[in-house]
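Heads up: the sequence shown begins at 1 in UniProt numbering, then just goes up one per residue.
What follows is one structure encoded as structure tokens, with my remarks underneath.
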Amino acid sequence: MPSLFASYLRVYEPLTAFDRDRQSYWRRYVSEGRAVAPVEGPGRQRTAVIEALGAGWTRLPDLPEEAYVLETDDTLLVCPWNLRIRVAEAALSARDGVPSVLADAFVPPVLAGQAKAVVDDWRSGARVLEHGVPRLHEQIATWGVPLRWFVLFDPEERDLVTRPGRRALRYRTEISKARRRSSRALAVLRKSVGEAPITEAVEEAARWLEEFHPRSVVELDYGGLVDLLPDETLAADDSPELVAAGLAGLSRGEAEEASAAYDKLVARWRAVQLLERCN
């Protein structure tokens, strides 16, 4: 599981996005008070996976079905964790590009076979017909925030809390707004820089958003990164504004303005990434 010094991009979907069985399950889950707060979730996820795996990485564990829950305008929205699928995909990814001897040591072939079966079943045509298109509701980035995530949000959507014992920084927006912003950004990037890595990254984020219900809510949560940054740094953070300024500069053909915003943004988050190497 990733470091707790991580940021999170989440999608909360209304209950109508789920099949009937899942709707009933999530209603019971909420009514029983089992929903987990985002500030507690990463630690709970990490503990659940470690305890389920035990000392040996020899089987794909059964993991609890948990979720973050958001209530807005009398609507209940759910962001499922999908832990078992995420662990299965991580197991398969861990073998990619690694010599077979090392791959088998970290992820034994028996476990890899189980993981592949779980992922294939999750994505199979029969399951899609019964439960709808499978989708992972949360993306995780360690030691920073991917710049493409900032494209989806407006500075005014920020919620900052810096009181003792409770520090958090997050952005929330309607998925329709996030889709429009990613579409505009893609148009600018394709026209100005072509099929560059940043264009592909924004396109990937845009495609991911298309998987979800049109009444969903998108959230960018700085998560454990707030513990690395003092209050004044969090209060002064203007990353979405810098992304918007860079895109505006590109759209006007002002390369120097766009480059200045980009360089400032990259330097800011590189400083956070370098903290990973601190002893």
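Even for Gly, the Cβ is constructed at its ideal location relative to N, Cα and C.
Span of the beta strand (DSSP E), counted from its first residue to its last, around Ser7: Here residue 7 is taken as the residue at index 7 of the sequence shown, counted from 1. Annotation for Ser7: the continuous beta strand (DSSP E) segment containing it runs Ala6 to Pro14.
For Tyr8 and Thr233, the rounded distance between their alpha carbons: As a working note, residue 233 is residue 233 in the sequence shown. As a working note, residue 8 is residue 8 in the sequence shown. About 19 Å.
Three CB pairs or more closer than 8 Å across the region 169-187 and the region 204-212: Touching, yes, given that three or more Cβ pairs across the two stretches are closer than 8 Å.
Alpha-carbon to alpha-carbon, Arg215 and Glu40: The residue given as residue 40 occupies position 40 in the sequence shown. The residue given as residue 215 occupies position 215 in the sequence shown. One C-alpha to the other measures close to 26 Å.
For Arg158, three-class secondary structure by DSSP: Stepping through the sequence shown from its first residue, residue 158 is reached at position 158. Three-state DSSP puts Arg158 in a strand.
Beta-carbon proximity check, residue 305 vs Val188, cutoff 9 Å: No information on residue 305 is available, as it lies outside the stretch 1 to 279 that the chain covers here.
Supposed contact pair Gly249 and Ala258 - C-beta distance, whole angstroms, cut 8 Å: Within the sequence shown, the letter at position 258 stands for residue 258. Within the sequence shown, the letter at position 249 stands for residue 249. Between the beta-carbon of Ala258 and that of Gly249 there is about 3 Å, and that keeps the pair under the 8 Å contact cut.
Given Val217 as reference, the closest of Pro108, Arg170 and Ala271 once Cα atoms are compared: Taking the first residue of the sequence shown as position 1, residue 217 is located at position 217. Answer by Cα proximity: Arg170.
Arg181 - DSSP class collapsed to helix/strand/coil: As a first step, residue 181 is located in the sequence shown; it is residue number 181 there, counting from the start. Under the three-state reduction of DSSP, Arg181 is assigned to helix.
Alpha-carbon spacing of Val272 relative to Arg148, whole angstroms: Start at 1 with the first residue of the sequence shown, and residue 272 comes out as number 272. Start at 1 with the first residue of the sequence shown, and residue 148 comes out as number 148. About 17 Å.
Continuous beta strand (DSSP E) stretch holding Asp221: start and end: Along the sequence shown, one-based indexing puts residue 221 at 221. Where Asp221 is concerned, the enclosing beta strand (DSSP E) stretches over Val217 to Asp221.
Rounded distance between the beta-carbons of Leu76 and Leu15, thought under 8 Å: To locate residue 15, count along the sequence shown from 1; it is residue 15. To locate residue 76, count along the sequence shown from 1; it is residue 76. Going by Cβ atoms, the distance from Leu15 to Leu76 rounds to 6 Å, so yes, they are a contact pair.
Whole-angstrom C-beta distance between Val11 and Phe212, which should lie under 8 Å: As a working note, residue 212 is residue 212 in the sequence shown. As a working note, residue 11 is residue 11 in the sequence shown. Indeed, because the Cβ distance is near 5 Å, the residues count as touching under 8 Å.
Distance, Asn82 Cα to Pro2 Cα: Locating residue 2 in the sequence shown gives position 2, where the first residue counts as 1. Locating residue 82 in the sequence shown gives position 82, where the first residue counts as 1. Confidence at Pro2 is low in this model, with a pLDDT of 43, below 50, so the placement of that residue is unreliable and no value is reported for it.
Cβ pair Tyr29, Val69 closer than 9 Å: As a first step, residue 29 must be located in the sequence shown, where it is residue number 29. As a first step, residue 69 must be located in the sequence shown, where it is residue number 69. Yes, the Cβ-Cβ distance between Tyr29 and Val69 is below 9 Å.
Own chain residues within Cβ distance below 8 Å of Ala55, not counting five before or after: As a first step, residue 55 is located in the sequence shown; it is residue number 55 there, counting from the start. In this prediction, Ala55 has a pLDDT of 47, which is less than 50 and means its spatial position is unreliable; what the coordinates show is noted afterwards. The answer is none, since no qualifying residue turns up.
Per-residue DSSP class, three states only, for Pro80: Numbered from its first residue, the sequence shown carries residue 80 at position 80. Note: Pro80 maps to strand in three-state DSSP.
Own chain, CB closer than 6 Å to Glu66, minus 5 neighbours either side, in chain order: For this step, residue 66 is matched to residue 66 along the sequence shown. Within the same chain, Glu66 has close Cβ partners Val36 and Trp81.
Cβ shell of Ile198 (< 8 Å), same chain only, five flanking positions each side left out: Indexing the sequence shown from 1 puts residue 198 at position 198. Within the same chain, Cβ atoms closer than 8 Å to the Cβ of Ile198 are found at Leu147, Arg148 and Leu189, the five residues on either side in sequence being excluded.
For Leu234, the first and last residue of its enclosing alpha helix (DSSP H): Translated into the one-based positions of the sequence shown, residue 234 becomes position 234. Element bounds for Leu234: Asp231 to Ala236.
Span of the alpha helix (DSSP H) around Arg20: Start at 1 with the first residue of the sequence shown, and residue 20 comes out as number 20. Under the DSSP assignment, Arg20 falls in the alpha helix (DSSP H) whose first and last residues are Arg20 to Ser31.
Residue environment, Val243, which counts as buried when at least 16 other CB atoms sit within 10 Å: For the purposes of this step, residue 243 is identified with residue 243 of the sequence shown, where counting begins at 1. Burial state of Val243 is buried, judged by a 10 Å Cβ sphere holding 16 or more other Cβ atoms.
Cβ shell of Arg167 (< 8 Å), same chain only, five flanking positions each side left out: Translated into positions along the sequence shown, residue 167 becomes position 167. The beta carbon of Arg167 sits closer than 8 Å to those of Val161, Val226, Asp227, Asp231 and Leu234, all from its chain and outside the five residues before and after it, given in chain order.
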